[in-house]
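Everything in the sequence shown is counted per our numbering, starting at 213 for the first residue and increasing by one. In what follows, a structure is listed as structure tokens, so that the remarks can point back to it.
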Amino acid sequence: MEKTATLIKRAATNIHQLDSIKIGDFLADEYGKSGKVCDIEIINRKGECHYYFKLLKSGTILIIV
Numbered sequence: 213m214e215k216t217a218t219l220i221k222r223a224a225t226n227i228h229q230l231d232s233i234k235i236g237d238f239l240a241d242e243y244g245k246s247g248k249v250c251d252i253e254i255i256n257r258k259g260e261c262h263y264y265f266k267l268l269k270s271g272t273i274l275i276i277v
């Protein structure tokens with residue numbers, strides 16, 4: 213069975229959607245970057261949450277909420 217990527221739109225993303233993403237999930241953003249999540253880092257800073265999704269061979273997707 214082939215998995216489809218979860219599409220993340222920076223302007224229309226909520227915390228519950230971001231918290232549901234796990235290591236091993238396929239992720240894509242609206243700019244075309246996509247891949248399998250190999251690491252997740254969440255940083256709370258000055259009232260903002262920074263979600264870093266490190267993708268296998270594709271770089272990192274950063275979402276600030």
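All C-beta atoms, glycine included, are put in the ideal place defined by N, C-alpha and C. Nothing here was measured: the structure is a model prediction, and the numbers come from that model.
Beta-carbon gap between residue i and residue j smaller than 9 angstroms
i    : j    : result
L239 : A217 : yes
I273 : D241 : yes
K245 : L268 : no
I254 : H262 : yes
Where residue i falls: helix, strand or coil (DSSP)
i    : result
L268 : coil
C252 : In the sequence as displayed, the identity of residue 252 is Ile instead of Cys. If DSSP states are grouped into helix, strand and coil, I252 belongs with the strands.
D237 : coil
Residue i to residue j span [Cα, whole Å]
i    : j    : result
K234 : K221 : 17 angstroms
S270 : K258 : 29 angstroms
M213 : N256 : Residue confidence for M213 is low, a pLDDT of 46 falling below 50, so the modelled location carries little weight and cannot support an answer.
Y243 : L219 : 10 angstroms
Within-9 angstroms CB hit, residue i to chain B
i    : result
I276 : Looking at the structure shown, chain B is missing, and only one protein chain is on hand.
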